[in-house]
Amino acid sequence: MQEHGEWLQQAVSEWGLFLSDQQLRQFAQYFERLVETNKVMNLTAITEPREVYVKHFYDSLLLAKSLDIKEVDSLIDVGTGAGFPGIPLKIAFPHLRLVLLDSLKKRVQFLRETADALGLKEVECVHGRAEDLAKQKGYRQSFDLVTARAVARLNVLAEYCLPFVKVGGYFVSMKGPSVGEEITEAKRALFILGKTTVEREEFQLPEGMGTRNILIMKKRDQTPKAYPRKAGTPAKQPLV
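Add 1079 to the 1-based position in the sequence shown for my numbering, that's all there is to it.
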């Protein structure tokens, strides 16, 4: 695993992110837990070491090319699954106060145990739905940054995520190669949910492992109290 860690260290240092030996050990431990747990629970289709380091770890850290994470205090990762991008960002930026939200209880237990095993502090793992949690005090409009990685189409994601974002904060959606149509489709939702602007940055993953688009959305106004609508509604009746 050392060679993959050294590769990651070198790759991210090219854009000014430096990982210590301890952080590299945490990434190696995360990889081992991910692959071992994946044998009994569906966490990821990607298990080959180099692919995990590129498509999960490097890919998650790409967000730091688009935003200054050192200026971010609080982050909620919505629909986090196996912990991407939340856990890699927390390893690289230990100051973050991180909430990992997922609707599957077994995954949340995996995340909780992984955060403990890696010695990560100020990580809260929450089992629930975004539509419910975003209505609760302490979560609603409480985060500097909200992330979501390929969870749903952007107009649906916006309703899941923007209610968590402070005015002046950011929602970042990490997508694959084809996002132009989604951005157009989501314009009304982004406006309704916080007069939100969107910028798109495209990156090529190393070693020909694909194209990534990072959509950076700045929230400029309060989310109306009517949103998010009750659980299940955003997916069935997206804002268009």
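Idealized CB from N, CA, C, for every residue including glycine.
Check, Outcome
"Reduced DSSP secondary structure (H/G/I, E/B, other) of residue 1248", "strand"
"Between the CA atoms of residue 1300 and residue 1165 - distance to the nearest angstrom", "25 angstroms"
"Endpoints, alpha helix (DSSP H) assigned at residue 1264", "1259 to 1271"
"Proximity winner among 1103, 1234 and 1248, relative to residue 1155 (alpha-carbon distances)", "1248"
"Exposure of residue 1257, with buried meaning 16 or more beta-carbon neighbours within 10 Å", "exposed"
"Proximal residues to residue 1116 (C-beta, below 7 angstroms), its chain only, five neighbours per side dropped", "1122 and 1189"
"Contacts around residue 1209, its chain only, beta-carbon distance under 6 angstroms, and the 5 residues preceding and following it disregarded", "1157 and 1239"
"Local Cβ density within 10 Å of residue 1193, reported as buried at 16 or more and exposed below that", "buried"
"Closer than 7 angstroms to chain B by CB, residue 1096", "Among the chains in the structure shown there is no chain B, since it carries only a single protein chain."
"4 or more residues per run - each alpha helix (DSSP H) lying fully within the region 1099 to 1134", "1100 to 1117"
"Contacts around residue 1376, its chain only, beta-carbon distance under 7 angstroms, and the 5 residues preceding and following it disregarded", "It is not possible to answer for residue 1376, since the shown part of the chain is limited to 1080 through 1319."
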